[in-house]
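Novice: Under my numbering, the letters of the sequence shown match residues 9 to 207, in that order.
Every residue gets a Cβ at the ideal spot worked out from N, C-alpha and C, and that includes glycine.
First the structure, which I've put down as structure tokens, then a few questions once you've had a look.
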Amino acid sequence: MEGIEHKMVRVNGLDMHVAEKGQGPLVLFLHGFPELWPDRVKALVNLSVMYMPRDPTRSLAQTFRDLYGDDHYISRFQEPGDIEAELAPLEEDVDYFTSKFEKTGFTGGVNYYRALDLSWELTAPWTGAKVTVPTKFVVGDLDLTYHITGAQEYIHNGAFHKDVPLLEEVVVMEGVAHFINQEKPDEISKHIHDFLKKF
């Protein structure tokens with residue numbers, strides 16, 4: 009995106025990277041590391057491979073297709089040229105990520121998880137605090153965090169709304185995992201735009 013100004017800002021003793029663009033009321037987006045600028049990534053596939061004994065009645069590729077469907081990565085690799093064409097545009101993105109990791113490594117990203125207990129301690133003064141700004145919550149139905157024990161009950165049965173009293177809408181996007189802005193960039197952009205234009 010053109011015209012973004014990058015700078016470092018010291019906040020509560022932490023050096024934060026800020027990307028700033030435009031004029032007018034402040035809109036602040038925060039999330040994770042944000043995957044080193046997710047507008048550069050078109051898709052992510054999370055893989056989990058389990059042991060499977062040999063079935064003499066069907067081919068291995070057919071077994072994967074029957075068990076996991078046509079979208080499973082092994083199923084998608086069967087037709088020569090298809091996956092290559094789909095992944096070719098990602099080479100530029102891989103080069104981008106590599107250039108960032110070569111400069112800084114990934115220690116900062118990992119340190120977020122190493123500091124979870126410290127973060128928990130430091131946020132103790134806000135125990136019981138409510139989110140008191142208009143909020144739209146968007147999650148993917150395949151997001152692992154959406155399937156943590158109790159998460160869906162909390163989100164959909166009123167407790168979430170008690171903690172976020174100005175919660176206007178909960179959107180569960182179908183067929184989307186944790187990186188919704190990368191997996192469905194147009195759809196998530198529309199959700200954000202439709203929400204912000206009300207203000």
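Classify K205 as helix, strand or coil using the three-state DSSP reduction.
Specialist: Three-state DSSP puts K205 in coil, outside helix and strand.
Novice: So which of D171, H164, T115 and G158 has the shortest CA-CA distance to W134?
Specialist: Among D171, H164, T115 and G158, the Cα nearest to that of W134 is on D171.
Novice: CB-CB under 6 Å to F137, same chain, minus the five flanking residues each way: which ones, in chain order?
Specialist: Per the sequence shown, residue 137 should be read as Ala rather than Phe. So no residue of the chain qualifies.
Novice: Do you know how far the Cα of F114 is from the Cα of S107?
Specialist: C-alpha separation (whole angstroms): 12 Å.
Novice: Among the residues of its own chain, which have a CB less than 8 Å from the CB of L204, if the five just before and after it don't count?
Specialist: Same-chain partners within the cutoff: V35.
Novice: Given a threshold of 16 other Cβ atoms within 10 Å of its Cβ, counted over all protein chains shown, does K192 qualify as buried or as exposed?
Specialist: Label assigned to K192: buried.
Novice: According to the Cβ coordinates, are L152 and H199 closer than 8 Å?
Specialist: Against a cut-off of 8 Å, the Cβ pair of H199 and L152 comes out as no contact.
Novice: Whole angstroms is fine: what's the gap from K6's alpha carbon to H201's?
Specialist: Because the chain is modelled from 9 through 207, residue 6 falls outside the range shown and cannot be assessed.
Novice: According to DSSP, simplified to helix, strand and coil, what is V57?
Specialist: Only weak support exists for where V57 lies, its pLDDT of 40 falling under 50; the value from the coordinates is given anyway. V57: coil per DSSP, three-state reduction.
Novice: In chain order, what residues of the same chain lie with their CB nearer than 6 Å to the CB of V146, ignoring the 5 residues before and after it?
Specialist: For V146, where only same-chain residues beyond five positions count, the Cβ hits under 6 Å are V179 and H199.
Novice: Give the straight-line distance between the Cα atoms of T160 and Y154, rounded to the nearest whole angstrom.
Specialist: The sequence given here has Gln at residue 160, not Thr. Between Q160 and Y154, the C-alpha separation is close to 6 Å.
Novice: To the nearest angstrom, how far is the alpha carbon of D149 from that of L68?
Specialist: Those two C-alpha atoms are separated by around 28 Å.
Novice: Does L55 pass the burial test, meaning 16 or more other C-beta atoms within 10 Å, or should it be called exposed?
Specialist: For L55, the predicted structure reports a pLDDT of 33, less than 50, and the residue's modelled location is therefore unreliable. A value from the coordinates is still provided. Classification of L55: exposed, given that the 10 Å Cβ count is below 16.
Novice: Would you list the residues sitting across from K144 in a DSSP beta bridge?
Specialist: Paired residue(s): E177.
Novice: Rounding to the nearest angstrom, what Cα-Cα distance links A96 and F207 in this structure?
Specialist: When rounded, the distance between both Cα atoms is 40 Å.
Novice: Please state the DSSP three-state secondary structure of K15.
Specialist: Strand.
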